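In this text, residue positions in the sequence shown follow my numbering: the first is 5, and each later residue adds one.
Just below is one structure, and these are the notes that go with it.
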Amino acid sequence: MPAFSARRFKSPDSHWWPAYFWLWNDSLDPEVLIEQLHDMFLHDARSVCPVPMPPEFEPENFNNQMDPPYLSEGFFQRVRLVVEEAARLGMSYWLYDEGGWPSGNACGRLLHLRPDLVAKVMRLENGAWVPGEVPRFASLEEAGTRLRHPDTDLLDPETALTFMETTYAAYESAVGEHFARTIMFAFTDEPAFRPVKPGEEVPWTRGLEEDFRRSFGYSILDRLNAFSHSSSRLSSRDKEARIDFFDWVSRRFRASFLDTLRDWCRRRGLVLTGHLGGEHEALGALEHGFGNVLLALGGMDAPGIDVISRQIFPGKENPEFVKYASSIAHQKGSPYVVSESFALYGNGLTPQQMKWIVDFQYVRGITLLVISSYPLSTRDHFMPGIRPIFGPVNPLWRYMPLLHRYIARLGYALSL
């Protein structure tokens, strides 16, 4: 454990300062990118996490106009421009691994390369369990928000390998010399497998039955009727099958996707971070497709949480899910515990409330904050609905450096 340094407390390293989700929702004009990066730097937001938002990402909700196209040569020219300027300014750049969210689709490109990696299920049809796949959409515009659970099979190790070839390796080619310096963190956002839906379907993948039999000594195909009805009608045999299946998919999800991304990052000096979706409630482990929450977070070297929609707020009974991430980090001996905060909190959020929400989390182990969000464009229809919005359009922006400095020093001190 490093000793406390008064000098570093007064001026913490850049990664301790809040990182803004910088929504790249419009044309990536180089002059605008540099101007906004400088604006964040001058307001003591010394970390930045650009979130590519291509036109094909949820068009009915965002109608993004990002150009050049996601993962194109022109796109990576802009990435390199921003990373090099961030390096010159002494800022940190967080690598966000998707075009929109959830992670694991490469914004639809993965299945164009490997259609066999589509998410698979066993469906209950007329009293019998039959293999199936999630719907294949002709386009992402047609799919819309139905892709919120990935349509790729994150239980198949080939998916993570193809995903990394498409995204992570492309970033390495463009800005790999900045890894472990300006770029310290890679952020994966709400990855998931298909959730269990009793009476309808369960997630599946190639080789599941054989591997399950080796692990538990019986065929899960013979016990799938444990998922054909509600939990109130379970026999002891059904309960055993459900528990074993939940254990299997939890371990496979971590091993096939999260551990694969983490190991790739470790070999390059990066720290894998991010969060799951719906981890604020216990039923999220069943309904959101990440399985055992502590096991999944253990696949990240900087485990994180997502604090949205006033899940934590002054004056209410607040959940303790912050401790999921901090407990795992303590077990790992990691100083990094991440929170993405303030999305969907509304434009009425005050600095006093923001400080209270930060304090609630940091005293429970958080040390790094990603703030949502700073949009590239707010013109016309680009003013996103995930408010509050930070930057010059926010009349409180001029005062935010006070909070940014407080958060940076708090994170550095509590990491010790």
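Every residue gets a Cβ at the ideal spot worked out from N, C-alpha and C, and that includes glycine.
Computed from a predicted structure; not experimentally measured.
The C-beta of residue 124 has 16 or more other C-beta atoms within 10 Å across all chains shown, which makes the residue buried. Under the three-state reduction of DSSP output, residue 275 falls in the strand class. Shortest Cα-Cα distance from residue 347 to any of 341, 373 and 366 involves 373. By the neighbour-count definition (other C-beta atoms within 10 Å, threshold 16), residue 354 is an exposed residue. About 13 Å separates the beta carbons of residue 250 and residue 159, which is beyond the 8 Å limit, so they are not a contact pair. Residue 124: member of the beta strand (DSSP E) spanning 124-129, first to last residue. Taking 9 Å as the cut-off, the beta carbon of residue 396 is found no closer than this to the beta carbon of residue 48. Assigned with DSSP and collapsed to three states, residue 374 falls in strand. One thing to note: residue 367 has its Cβ no nearer than 9 Å to the Cβ of residue 345. CA-CA distance, residue 56 to residue 406, rounds to 28 Å.
Beta-bridge partners assigned by DSSP to residue 133: 128. Inclusion of residue 29 and residue 380 in the CB contact set at 9 Å is warranted, their separation being smaller than that value. Around the beta carbon of residue 365, a 10 Å sphere encloses 16 or more other beta carbons of the protein chains shown; the residue is thus reported as buried. Distance from the CA of residue 183 to the CA of residue 78, rounded to the nearest whole angstrom, comes to 20 Å. Contact fails between the segment 115-124 and the segment 64-83, because fewer than three Cβ pairs, one in each stretch, are under 8 Å apart. The three-state reading of DSSP puts residue 171 in coil, since its state is none of H, G, I, E or B.
The distance from the Cβ of residue 300 to that of residue 262 is about 6 Å, consistent with a contact at the 8 Å cut-off. Counting C-beta atoms within 10 angstroms of its own C-beta, residue 129 has fewer than 16 neighbours from the protein chains shown and is therefore classed as exposed. Taking 4 residues as the shortest admissible run, the segment 212-279 contains the following complete alpha helix (DSSP H) segments, listed from N- to C-terminal end: 212-220, 240-257 and 263-271. DSSP, read as helix, strand or coil, puts residue 34 in helix.
Ranked by Cα distance from residue 100, the first of 80, 92 and 94 is 80.
By the Cβ test, the segment 327-338 is in contact with the segment 302-316, since at least three Cβ pairs between them sit closer than 8 Å.
In this structure, the CA atom of residue 86 is about 45 Å from the CA atom of residue 215.
Shortest Cα-Cα distance from residue 384 to any of 54, 69, 8 and 40 involves 69.
The DSSP-derived three-state label of residue 310 is strand. Taken atom to atom, the span from the alpha-carbon of residue 311 to that of residue 213 is near 37 Å. For the pair residue 19 and residue 228, the Cα-to-Cα distance works out to about 47 Å. For the 9 Å CB-CB criterion, residue 303 and residue 371 do not form a contact.
Rounded to whole angstroms, residue 286 and residue 325 show a C-alpha spacing of 9 Å. For the pair of segments examined, the segment 225-239 was found not to touch the segment 157-176: the number of CB pairs separated by less than 8 Å stays below three. Just so you know, the alpha carbons of residue 253 and residue 62 end up roughly 28 Å apart. The C-alpha of residue 6 lies about 43 Å from the C-alpha of residue 113. Taking the C-beta atoms as reference points, residue 103 is found no nearer than 9 Å to residue 196. Residue 205: member of the beta strand (DSSP E) spanning 205-208, first to last residue.
When 321, 298 and 323 are compared, the shortest CA-CA separation from residue 333 is found for 298. Listed in chain order, the non-local C-beta contacts of residue 72 below 6 Å within the same chain comprise 78 and 79, local neighbours out to five positions each way being set aside.
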